[in-house]
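For the record, the sequence lines run as chains A and B. The working numbering numbers the first residue of the first sequence as -15 and each following residue consecutively. The working numbering numbers the first residue of the second sequence as -15 and each following residue consecutively. By construction, the Cβ of each residue, glycine as well, lies at the ideal position given by its N, Cα and C atoms. Structure first, then comments.
Number of protein chains: 2
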Amino acid sequence: MTISPRLSTKDAIIEAAFDLLSRDSGASLGDIANAAGVGRATLHRHFASRDDLIKTLAMLAMEEMDQAADAACEEASSYSDALRRMLAVLIPLGDRHGFLATEPLENDPDMVAAYKRQMNETREMIEAAKKEGTFDRAVPTSWIAQSYDHLLYAGWESVKAGEVTKAQAVDLAWRTLTKGLGEANQ
Amino acid sequence: MTISPRLSTKDAIIEAAFDLLSRDSGASLGDIANAAGVGRATLHRHFASRDDLIKTLAMLAMEEMDQAADAACEEASSYSDALRRMLAVLIPLGDRHGFLATEPLENDPDMVAAYKRQMNETREMIEAAKKEGTFDRAVPTSWIAQSYDHLLYAGWESVKAGEVTKAQAVDLAWRTLTKGLGEANQ
DNA sequence: TTGTCATGCGACACATATGTCTCATATGAG
DNA sequence: CTCATATGAGACATATGTGTCGCATGACAA
């Protein structure tokens, strides 16, 4: 009797799904099972439906982002620094998690809850960064959070397009957030 | 003989498609035909396939954005002002065109060409705005363009979420771009 | 060896969307 | 009135993905 029911197979499916779906968000379960080197029936033994698989991937993506963010936070010297470091670790995850942006996850209550929780953590860090003087108190936290998310996305796209390196993307996104694109006068 | 082959029917389908797909990007052709008040066969008489319809919508969206942008440009006093005004007219179009972001259009050469053309126009305006002193010459134009697009998207989402009004979204996105979120010192 | 378990394979049923076709109808032009 | 055109309704074939099931196989533990 195997201690845990062969995690490797399930993991192989998950990895193949992340890999395939990032390149073709319309890939079928057959494609995914094939890429994972398992039968389609085996995939169904681990994931009841396509939605189940997608949801698992989305939850995993949340966890992975949380872990990366937590690791970045531990090394940080301030909340502002933490936000900057998070940018650096989250941008590369776009290759892996980006396809989830085109999935209809807003209907799943669990996903909505998980997303809100993560969003709240970001908001708290932004509030803290405001107190550190990094952000203007007069700017709504919700807008800073939106900008943070979308500039993170912009950074990933820029790297993907080969316009900048990852490090440059982080610097540019962070500069845009904190200092702005305009000349630094006045 | 009708002068032009009953544009109203085709337009009704297009309008219904914009409306339905923005709320449910997975709506079927039957749903769309139904919403348009026409038979599914009639839809096929105007659009050979689903891809054909989507592509038509995407092309129309491009035109609509172009027209709105051009109108905004005519009233503008400078390239910088034009970019700001474009923000104001493009953010509301998100409700209508947003669903196209989840469609796989990157495979269609026509769409890629149209997108590149539009992107180039934006780039040229940004270059001009650089000369006006609005943007730092040291920042890559590609990054400014990316930020512009994504902050535009962020503005739309903020409005959609009810966090800000359209006018506020424009102001915030523009401030983020030109001045930055940080306090305006140094 | 024996038994269990995960798996691969293939068959099957099912659902849905899609594209095509035919026929009857209504509208409007001539 | 007559004809052409656009349309609605519905049938039809097809493709594709999806989910389930049964059975044989191979690995591994007892």
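When the five nearest sequence neighbours on each side are left out, the beta carbons in the same chain lying within less than 6 angstroms of the beta carbon of Gly139 of chain B are those of Ile75, Ala153 and Ala157, in order along the chain. Val154 of chain A: member of the alpha helix (DSSP H) spanning Lys150 to Thr162, first to last residue. Listed in chain order, the positions of the segment 104 to 126 of chain A with a beta carbon within less than 8 angstroms of a beta carbon of chain B are Gly117, Thr118, Phe119, Asp120, Val123, Pro124 and Ser126. Residue contact check for Ser142 of chain A against chain B: a CB pair falls below 8 angstroms. The beta-carbon separation of Met95 of chain A and Tyr63 of chain A, rounded to 27 angstroms, does not stay under the 8 angstroms limit for a contact. Cβ-Cβ distances below 7 angstroms link Ser6 of chain B to Asp79, Arg80, Gly82 and Phe83 in the same chain, with the five nearest sequence neighbours on each side left out; the list follows chain order. Considering only beta carbons, the part of the segment 56 to 86 of chain A lying closer than 9 angstroms to chain B consists of Ala85 and Thr86, in chain order. Taking the CA atoms as reference points, Ser(-8) of chain B sits about 42 angstroms from Leu4 of chain A. Proximity of chain B to Gln130 of chain A at the Cβ level (cut-off 7 angstroms) is accounted for by Ala138, Glu141 and Ser142, in chain order.
Taking a cut-off of 8 angstroms on C-beta distances, the segment 134 to 148 of chain B does not touch the segment 43 to 58 of chain B, as fewer than three cross pairs fall below it. For Ile16 of chain A and Ile(-3) of chain A, the gap between their C-alpha atoms comes out near 7 angstroms. Residue range Pro93 to Lys115 is occupied by the alpha helix (DSSP H) that includes Thr106 of chain A. Apart from the 5 residues on each side of it in sequence, Glu111 of chain A sits with its Cβ closer than 7 angstroms to the Cβ of Thr125 in its chain, given in chain order.
For Ala129 of chain B, the enclosing alpha helix (DSSP H) stretches over residues Thr125 to Lys144.
If you look at Glu47 of chain B, you'll find it in the alpha helix (DSSP H) that goes Arg34 to Glu58.
When the Cα atoms are used, Ala98 of chain B and Thr162 of chain B turn out to be separated by approximately 27 angstroms. Taking the CA atoms as reference points, Gln130 of chain B sits about 18 angstroms from Asp155 of chain B. Look at Gly21 of chain A: its C-beta is not under 8 angstroms from any C-beta on chain B. Residues of the segment 28 to 50 of chain A with a Cβ closer than 9 angstroms to any Cβ of chain B: none. With a threshold of 16 other beta carbon atoms within 10 Å, Ser142 of chain A meets it and is buried.
In this structure, Leu77 of chain B sits near Glu48 of chain B, with a CB-CB distance shorter than 8 angstroms. Shortest Cα-Cα distance from Pro88 of chain A to any of B:Phe2, B:Ala0, B:Ala60 and B:Gly10 involves B:Gly10. In this structure, Thr26 of chain A lies away from Thr86 of chain B, with their beta-carbon atoms at least 8 angstroms apart. Taking a 10 Å sphere around the C-beta of Thr160 of chain A, we find 16 or more other C-beta atoms and assign the residue as buried.
With 16 or more neighbouring CB atoms inside 10 Å of its own CB, Thr118 of chain A falls in the buried class.
Listed in chain order, the positions of the segment 143 to 157 of chain B with a beta carbon within less than 9 angstroms of a beta carbon of chain A are Ala145, Glu147, Val148, Gln152, Ala153, Leu156 and Ala157. Contact note: Leu135 of chain B reaches chain A through Gln130, Ser131, His134, Leu135, Ala138 and Thr160, using a C-beta cutoff of 9 angstroms and chain order.
Contact annotation for Pro88 of chain B against chain A: Ser9 and Gly10 [CB-CB distance below 8 angstroms, chain order].
Exposed is the label assigned to Lys144 of chain B, since fewer than 16 other Cβ atoms lie within 10 Å of its Cβ. Boundaries of the alpha helix (DSSP H) harbouring Leu67 of chain A: Tyr63 to Leu74, taken from the DSSP string.
Per the coordinates, the alpha-carbon of Gly14 of chain B lies some 10 angstroms from the alpha-carbon of Ala20 of chain B. Distance check between Val22 of chain B and each of B:Met43, B:Ala32, B:Lys(-6) and B:Ala151 places B:Lys(-6) closest, using alpha-carbon atoms only. The straight-line gap separating the alpha-carbon atoms of Val123 of chain B and Glu59 of chain A is approximately 29 angstroms. Around Ala113 of chain A, the same chain offers Tyr63, Ser64, Leu67 and Phe119 as residues with beta carbons nearer than 7 angstroms, after the five sequence neighbours per side are excluded.
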